[in-house]
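Trainee: Sharing a structure here in structure tokens format.
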Amino acid sequence: MQRQKESGVMQAVEWVIRVMAENAVENEDYFSDLDAVVGDGDFGHSLARGFEAVLETLDESNEQSPGALLRKIGMVLMAKVGGTSGPIWGTAFMRAGSVAGEKNELTDADVIAMLHAGIDGICERGGASIGDKTLLDALIPATTTLGARLSRGEEWDRALAATAIAARTAADATRDLIARRGRASYTGERSLGTLDAGAVAVASMFERLAERWPLEGK
Amino acid sequence: MQRQKESGVMQAVEWVIRVMAENAVENEDYFSDLDAVVGDGDFGHSLARGFEAVLETLDESNEQSPGALLRKIGMVLMAKVGGTSGPIWGTAFMRAGSVAGEKNELTDADVIAMLHAGIDGICERGGASIGDKTLLDALIPATTTLGARLSRGEEWDRALAATAIAARTAADATRDLIARRGRASYTGERSLGTLDAGAVAVASMFERLAERWPLEGK
Amino acid sequence: MKKLVNEPKAFVAEMLEGIALANEKTLKYVPEYNLIMRADAPNTNKVSVLQGSGSGHEPAHVLLVGKGMLDGACPGDVFAAPPVDYVLESTKLLASPKGVLHIVNNYTGDRMAFDMARELAEAEGLKVATLMVDDDVAVKDSTHTVGRRGVAGNFFVIKAVGAAAEQGRKLEELVELGQRVNGVTRTMGIALTSCTPPAKGSPLFELGDGEMEVGVGIHGEPGRKRKAVEPANAIADELLDAVVEDLPFKKGDKVALMVNGLGGTPIAELYVVYGHAHTRLTQAGIKVERSYVGEYCTSLDMAGCSITLVRLDDELTSLLDAPGEMGMRIL
Amino acid sequence: MKKLVNEPKAFVAEMLEGIALANEKTLKYVPEYNLIMRADAPNTNKVSVLQGSGSGHEPAHVLLVGKGMLDGACPGDVFAAPPVDYVLESTKLLASPKGVLHIVNNYTGDRMAFDMARELAEAEGLKVATLMVDDDVAVKDSTHTVGRRGVAGNFFVIKAVGAAAEQGRKLEELVELGQRVNGVTRTMGIALTSCTPPAKGSPLFELGDGEMEVGVGIHGEPGRKRKAVEPANAIADELLDAVVEDLPFKKGDKVALMVNGLGGTPIAELYVVYGHAHTRLTQAGIKVERSYVGEYCTSLDMAGCSITLVRLDDELTSLLDAPGEMGMRIL
Ligand SMILES: Nc1ncnc2c1ncn2[C@@H]1O[C@H](COP(=O)(O)OP(=O)(O)O)[C@@H](O)[C@H]1O
Ligand SMILES: Nc1ncnc2c1ncn2[C@@H]1O[C@H](COP(=O)(O)OP(=O)(O)O)[C@@H](O)[C@H]1O
Ligand SMILES: [Mg+2]
Ligand SMILES: [Mg+2]
Ligand SMILES: [Mg+2]
Ligand SMILES: [Mg+2]
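Residue numbers (the working numbering), protein chains in the order written: chain B, 1 to 218; chain X, 1001 to 1218; chain V, 2001 to 2331; chain S, 3001 to 3331.
Written out as structure tokens, the structure is:
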């Protein structure tokens, strides 16, 4: 996030959260419909209610560091979002916030470490690993791509564009997976051929970030 | 029923009941559908179950006179048919049977008197009169026509044909009536434009009798 | 047809058989007359209370048989009053020296069957009285009509009369009590969907996707009017207004409030309606002293609900609070 | 959408408000945490028993709060486990020196919320234990899966544990008892229709006119397989066979038999299924000692049912028979 330094890392982090939140709110019905196929159809609703609360928090909060803000957001998601998504997404934000600590500057390596901490939190919390047909199946390849691109010195806009493509490709590929975690797992083989709602949400958020980054992200 | 004398009045009465019963059984769904429009959709079911029991009774019974047979049928309808139709149809058969008494011969005048007794029984039992949009609105004009034709010396086949037409015309005309008795009356003006199920059943039975009379009724 | 049904003709018999098996110790089943009766009835020290009505309204009335409630119920087929025979024979099986009380919902078929059965039973020397229930405000009552229908409010008549019968009260007293309860009970319902009788196999009437039927009966008979579906609160308001204005219920009255599900509406929705109705009554200075939310008198799988109000006095409240048992229970 | 609903987002809150108003004297409502609790809780002489789960399963679990049952229930949104916060704060409000027992249906969301809340509560010095319910035989249980679901059988765990808690038993004893009950309880369900969450406004899944879903969960999750609709008896056979073979229940066993309605199926049909299941068990030499027919754990307006069997022993039977109160009642 070095490019963002002049306008402040804090603003950049806030902006990222805001874009994610808007995406969740706008896609409520779409995400719920995806969850209805082999799940219980509430994923979009849960995520939208949670990120609505996140948007309110952003408007009111006066946290001083990216880490504090992310931990706060994690707490809000935990507190307001039920189902599987509250603990999963809440844990991810809280872990990322912990890694950020009280730092006011974040290197690219910091960001990647934060994402990895989020992933580890999700795995611990929900017991899933890659291939179980969950949002991890989009989040892990996306993080790998972002890390690889940034570490070879690519600019954020190009790196994010590649990340969005990786996330979408991976989300699409969840069609070929049998659900082994979450409510979809009850249907066993019948989950084959369906998209995982959480993975699609992750892909959709990365795409939105990639699209907007050069326009608004500065 | 003088024409029938050679083959026996008893057989003729039995035949009439059997034709009515078969008609009720065959039209179960149609009659129920008519009752469903502004009623509760069970008229055909009730009538069919009742006349199924009537057919069994006919097969087993060894009543010695038309009157006794009609009273027996009335009892069966009372016992087996619920709703409004059991008491109404049962009463009609019982009253007709009472007028026939233990006679073994029935004049045309006897038959008309029996029909009138049935009508009176229905009116007393259910409190309806002509124009209330019930089966009386077909049964009364039909009885009038049959009585008029027979008393001017017409043969049974021609008289019955005219009666069937009168019954059907009257049944069709129930469309223009507002129900004031029975379950349809709860809908008030909304019953306008609908056929009364009971009246249609009466018309349908007279039509069936008229059609078959020259072929099977002898 | 999306139903748990075998041969539709056997539906009522199989349901009654199930009820009997689920209550082997307390209820007796007499298949010839569709009769579900208390195993210990008739009790010579009390009036026996009998209901008839059609099937398809469960728990009314076969599941309301038990101590302090009905002594027996002999329903007809789905939505059909019982044949005279069922009522007559059930009356005989429940005959007590203190008499048999027929509780009859005001429909032509039921009235006729119970009238005839009473005459025949009296001819055989039995003591029988009739109590009519007609709590439905949707139907206009005049001398030119068949009068109001008996709907979910019958629960309160049964509960009060059943408790009083258990206390040994006389037949005439029970009639008077029942009339008094019926006189302070008012109900109105709406349907969001039609219902499907097993023997018919298709919905009784068609209701468009955005339509509801206001003032519906419990047999799928259409109601007062059809209109566009409204939010729960607006529906509760319309039902409540009709019921409150009819008696009328007034500021200072103490009432029992029932929100009755018609069969296809989940419990959660009934509580949404209940909450609004309770609040509205409180605002109007009408005190809700007893609450009833759930399925009391259904119309097969119809979605919708009815609201019933009963004006309470001390005697009535204590009869509603008196212990009762029935064939259906949760705990 | 044919529902008695106002603003869908307010659905759960309005339902809970209605429940509280219908039970003003006995229940307390804490809107911040969707908590319905006994008005007299916490009681320092007994363990407090808390359930969470999603909404849309009523009467489970908010209407099962009462003496001898749950001390509180803090459901999440429709079909969503409660957020951690609700569980944590509810646990604090119910804190008793004898401890708080969390009864948790085995779903990922519920497990996570209750695990985290327990950790946080323990960090604040509270005594908390967890009891998992997973009675659904439709789901294969192996180390590679998330395990069986908790469905209608949770009623028996709650009833037994609630009664034992009322008797003053210790937290550890209640966990052991609950595990024992869960260990002898098996359920399987079928859906004839999908269900419509108010916030979604359309059915969760499509089921053809002639199709049913076997082994369905209580959240509209599809089940084991889809097949052509069958007569009630064949459906009862399929459910019963799956349940009986799983434990297995054997000749000579005494059982409680529950036929649970999923929300949209009328009571009459449940008794048709009950009658057949009872008869089949009797033929197999399995004695039905206690019967439960009605709605215990629903899936909004879904048509269908589940069958639950519990193997009884004297202790369990007496706990099921112990007095209990709840927010929903008929009488
Ligand atoms: N154990 C798990 N670990 C990580 N993600 C999971 C897990 N289970 C489910 N998910 C993700 O959560 C999504 C569903 O979220 P949500 O609808 O809130 O859950 P539910 O309704 O099943 O409680 C799935 O599409 C999947 O991506
Ligand atoms: N009071 C009455 N007197 C005579 N016939 C009546 C009366 N009420 C209804 N009917 C007739 O009965 C028919 C309905 O019969 P049925 O379906 O058995 O009654 P319900 O279901 O209303 O008890 C009506 O179509 C009408 O012809
Ligand atoms: Mg979900
Ligand atoms: Mg009818
Ligand atoms: Mg009828
Ligand atoms: Mg969910």
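Glycine included, C-beta positions come from ideal geometry on N, C-alpha and C.
#1: Using only the alpha-carbon positions, how far apart do lysine 2009 (chain V) and alanine 2199 (chain V) sit?
#2: For the stretch 18-94 of chain B, which segments carrying the alpha helix (DSSP H) assignment without a break, of at least 4 residues, lie completely within its bounds, in sequence order?
#3: So glutamate 3295 (chain S) and isoleucine 2267 (chain V) are supposed to be a Cβ contact under 8 Å. How far apart are they, rounded?
#4: Quick check on the DSSP output: the alpha helix (DSSP H) that includes isoleucine 3103 (chain S) runs from which residue to which?
#5: Pick out whichever of X:Ile1073, X:Ser1032, X:Asn1023 and X:Glu1105 has its Cα sitting closest to the Cα of methionine 1094 (chain X).
#6: Would you kindly report the start and end of the unbroken alpha helix (DSSP H) that includes threonine 169 (chain B)?
#7: Check for me: the alpha helix (DSSP H) holding leucine 2319 (chain V) runs from which residue to which?
#8: Mind listing which residues of the stretch 2195-2221 of chain V have their C-beta closer than 8 Å to chain A's C-betas, in chain order?
#9: In its own chain, which residues sit with a C-beta less than 6 Å from the C-beta of threonine 2308 (chain V), not counting the 5 before and 5 after it?
#10: Cβ of arginine 3111 (chain S) versus every heavy atom of ligand 3: is any distance shorter than 7 Å?
#11: Between lysine 218 (chain B) and chain S, is there a C-beta pair that is closer than 8 Å?
#12: I think glutamate 3289 (chain S) touches valine 3255 (chain S), with their Cβ atoms under 8 Å apart; what is that distance to the nearest whole Å?
#13: Heavy atom of ligand 2 less than 7 Å from the Cβ of leucine 2131 (chain V), yes or no?
#14: How big is the Cα-Cα spacing for asparagine 2034 (chain V) and glycine 2076 (chain V)?
#15: Per DSSP, what kind of secondary structure is threonine 2187 (chain V) in: helix, strand or coil?
#16: Do the CB positions of threonine 2298 (chain V) and glycine 2263 (chain V) come within less than 8 Å of each other?
#17: State the Cα-Cα distance for the pair threonine 3282 (chain S) and leucine 2021 (chain V), rounded to the nearest angstrom.
#18: Which two residues bound the contiguous alpha helix (DSSP H) that contains arginine 149 (chain B)?
#19: Could you name the residues of chain V that histidine 3278 (chain S) contacts, counting a contact when the two beta carbons are closer than 8 Å?
#20: Do lysine 2092 (chain V) and leucine 2126 (chain V) have their C-beta atoms within less than 8 Å of each other?
#21: So does phenylalanine 1051 (chain X) have its beta carbon nearer than 7 Å to some heavy atom of ligand 2?
#22: Under the rule that 16 or more other beta-carbon atoms within 10 Å means buried, what is glutamine 2167 (chain V), buried or exposed?
#23: Between the C-alpha atoms of glutamate 1207 (chain X) and leucine 2207 (chain V), what's the straight-line distance to the nearest angstrom?
#24: So, helix, strand or coil for isoleucine 1130 (chain X), using DSSP?
#25: Could you tell me the boundaries of the alpha helix (DSSP H) in which glycine 2245 (chain V) lies?
#26: Any heavy atom of ligand 3 closer than 7 Å to the CB of aspartate 3077 (chain S)?
#27: Given 7 Å as the limit, tell me if aspartate 40 (chain B) has its C-beta closer than that to any heavy atom belonging to ligand 7.
#28: Name, in chain order, the residues that DSSP records as bridge partners for glycine 2294 (chain V).
#29: DSSP on glycine 3304 (chain S), reduced to helix/strand/coil?
#30: Near glycine 3261 (chain S), what residues of its chain come up, given a Cβ to Cβ distance below 6 Å and the 5 sequence neighbours on each side ignored?
#31: Since I believe glycine 2052 (chain V) is in contact with aspartate 2114 (chain V) (beta carbons under 8 Å), could you give me their beta-carbon distance rounded to a whole number of angstroms?
#32: What does the Cβ neighbour count give for glutamate 124 (chain B), buried or exposed, with the cut at 16 atoms within 10 Å?
#33: Mind reading off the beta-carbon distance from glutamate 14 (chain B) to leucine 58 (chain B)? Whole number of angstroms is fine, and I expect it under 8 Å.
#34: Check the Cβ-Cβ distances between threonine 3231 (chain S) and every residue of chain V, and say whether any is below 8 Å.
#35: Please list, in chain order, all residues of the same chain as proline 3082 (chain S) whose beta carbon is under 7 Å from its beta carbon, the five residues on each side excluded.
#36: What residue range does the alpha helix (DSSP H) around valine 3229 (chain S) cover?
Mentor: On the basis of the data shown:
#1: If you number the third sequence from 1, residue 2009 (chain V) lands on position 9. If you number the third sequence from 1, residue 2199 (chain V) lands on position 199. Cα to Cα, the separation comes out at about 7 Å.
#2: Secondary structure within the stretch 18-94 of chain B: the alpha helix (DSSP H) runs of 4 or more consecutive residues, fully enclosed, are 28-38, 43-60 and 66-80 (chain order).
#3: Here residue 3295 (chain S) refers to the residue found at position 295 when the fourth sequence is read from its first residue. Here residue 2267 (chain V) refers to the residue found at position 267 when the third sequence is read from its first residue. About 7 Å separates the two Cβ atoms, so the contact holds.
#4: As a position in the fourth sequence, residue 3103 (chain S) is number 103, starting the count at 1. Element bounds for isoleucine 3103 (chain S): not the alpha helix (DSSP H) but the beta strand (DSSP E), 3100-3105.
#5: In the second sequence, the residue the question calls residue 1094 (chain X) occupies position 94. Among X:Ile1073, X:Ser1032, X:Asn1023 and X:Glu1105, the Cα nearest to that of methionine 1094 (chain X) is on X:Ile1073.
#6: Here residue 169 (chain B) is taken as the residue at index 169 of the first sequence, counted from 1. Note, threonine 169 (chain B): alpha helix (DSSP H), 156-173.
#7: Residue mapping note: residue 2319 (chain V) aligns to position 319 of the third sequence, counting from 1. Secondary structure note for leucine 2319 (chain V): its alpha helix (DSSP H) is the uninterrupted segment 2314-2321.
#8: Of the protein chains in the structure, B, X, V and S, none is chain A.
#9: As a position in the third sequence, residue 2308 (chain V) is number 308, starting the count at 1. Result list for threonine 2308 (chain V): Ala2152, Gly2153, Thr2187 and Met2258, in chain order.
#10: For the purposes of this step, residue 3111 (chain S) is taken as the residue at position 111 of the fourth sequence. It does not: the Cβ of arginine 3111 (chain S) is nowhere closer than 7 Å to a heavy atom of ligand 3.
#11: Within the first sequence, numbered from 1, the residue matching residue 218 (chain B) stands at position 218. With a pLDDT of only 47 at lysine 218 (chain B), under the threshold of 50, the placement of this residue in the model should not be trusted, and no figure is reported.
#12: Residue 3289 (chain S) sits at position 289 when you count from the first residue of the fourth sequence. Residue 3255 (chain S) sits at position 255 when you count from the first residue of the fourth sequence. Yes, they are in contact, since the Cβ atoms of glutamate 3289 (chain S) and valine 3255 (chain S) sit about 7 Å apart, within 8 Å.
#13: On the third sequence, residue 2131 (chain V) is found 131 positions in, with the first residue counted as 1. Outside the cutoff, so no.
#14: In the third sequence, residue 2034 (chain V) corresponds to position 34, counting from 1. In the third sequence, residue 2076 (chain V) corresponds to position 76, counting from 1. For asparagine 2034 (chain V) and glycine 2076 (chain V), the distance between alpha carbons rounds to 7 Å.
#15: Residue numbering aside, residue 2187 (chain V) sits at position 187 when the third sequence is read from its first letter. The answer is strand: DSSP assigns threonine 2187 (chain V) an E or B state.
#16: Here residue 2298 (chain V) is taken as the residue at index 298 of the third sequence, counted from 1. Here residue 2263 (chain V) is taken as the residue at index 263 of the third sequence, counted from 1. Yes, Cβ-Cβ distance for threonine 2298 (chain V) and glycine 2263 (chain V) is below 8 Å.
#17: On the fourth sequence, residue 3282 (chain S) is found 282 positions in, with the first residue counted as 1. On the third sequence, residue 2021 (chain V) is found 21 positions in, with the first residue counted as 1. Those two C-alpha atoms are separated by around 11 Å.
#18: For the purposes of this step, residue 149 (chain B) is identified with residue 149 of the first sequence, where counting begins at 1. Its alpha helix (DSSP H) spans residues 136-151.
#19: To locate residue 3278 (chain S), count along the fourth sequence from 1; it is residue 278. Going along chain V in sequence order, the residues near histidine 3278 (chain S) (Cβ under 8 Å) are Gly2018, Leu2021 and Ala2022.
#20: Here residue 2092 (chain V) is taken as the residue at index 92 of the third sequence, counted from 1. Here residue 2126 (chain V) is taken as the residue at index 126 of the third sequence, counted from 1. Contact: yes.
#21: Numbered from its first residue, the second sequence carries residue 1051 (chain X) at position 51. No, the beta carbon of phenylalanine 1051 (chain X) sits no closer than 7 Å to any heavy atom of ligand 2.
#22: The residue labelled residue 2167 (chain V) in the question sits at position 167 within the third sequence. Exposed, by the Cβ-count rule.
#23: Residue mapping note: residue 1207 (chain X) aligns to position 207 of the second sequence, counting from 1. Residue mapping note: residue 2207 (chain V) aligns to position 207 of the third sequence, counting from 1. In a straight line, the C-alpha of glutamate 1207 (chain X) is about 34 Å away from that of leucine 2207 (chain V).
#24: Within the second sequence, the letter at position 130 stands for residue 1130 (chain X). Isoleucine 1130 (chain X): coil per DSSP, three-state reduction.
#25: As a position in the third sequence, residue 2245 (chain V) is number 245, starting the count at 1. The question names glycine, yet the displayed sequence has glutamate at residue 2245 (chain V). Unbroken alpha helix (DSSP H) run through glutamate 2245 (chain V): 2232-2246.
#26: What you label residue 3077 (chain S) is simply residue 77 of the fourth sequence in a count that begins at 1. Answer for aspartate 3077 (chain S): no, Cβ out of range of ligand 3.
#27: Because ligand 7 does not appear in the structure shown, any question about it cannot be addressed here, the ligands present being ligand 1, ligand 2, ligand 3, ligand 4, ligand 5 and ligand 6.
#28: What you label residue 2294 (chain V) is simply residue 294 of the third sequence in a count that begins at 1. DSSP, once it has assigned bridges, lists V:Asn2260 as partnering glycine 2294 (chain V).
#29: As a first step, residue 3304 (chain S) is located in the fourth sequence; it is residue number 304 there, counting from the start. DSSP places glycine 3304 (chain S) in strand when its eight states are reduced to three.
#30: Taking the fourth sequence and counting its residues from 1, the one referred to as residue 3261 (chain S) is at position 261. Within the same chain, glycine 3261 (chain S) has close Cβ partners Leu3270, Glu3295 and Cys3305.
#31: Position 114 of the third sequence, counting from 1, holds the residue named residue 2114 (chain V). Position 52 of the third sequence, counting from 1, holds the residue named residue 2052 (chain V). Aspartate is not the amino acid found at residue 2114 (chain V); the sequence shown has phenylalanine there. About 6 Å separates the two Cβ atoms, so the contact holds.
#32: The count along the first sequence starts at 1 and reaches residue 124 (chain B) at position 124. Answer is exposed; the Cβ neighbour count stays below 16.
#33: As a position in the first sequence, residue 14 (chain B) is number 14, starting the count at 1. As a position in the first sequence, residue 58 (chain B) is number 58, starting the count at 1. Contact between glutamate 14 (chain B) and leucine 58 (chain B) holds, with the beta-carbon distance rounding to 6 Å and staying under 8 Å.
#34: Working through the fourth sequence from its first residue, we reach residue 3231 (chain S) at position 231. Rather than threonine, the amino acid found at residue 3231 (chain S) in this sequence is proline. Yes, proline 3231 (chain S) lies at the interface with chain V (some Cβ there is under 8 Å from its Cβ).
#35: Translated into the one-based positions of the fourth sequence, residue 3082 (chain S) becomes position 82. The residues are Asn3034, Gly3052, Cys3074, Pro3075, Gly3076 and Ala3113.
#36: Position 229 of the fourth sequence, counting from 1, holds the residue named residue 3229 (chain S). No alpha helix (DSSP H) contains valine 3229 (chain S), which DSSP labels as neither H nor E.
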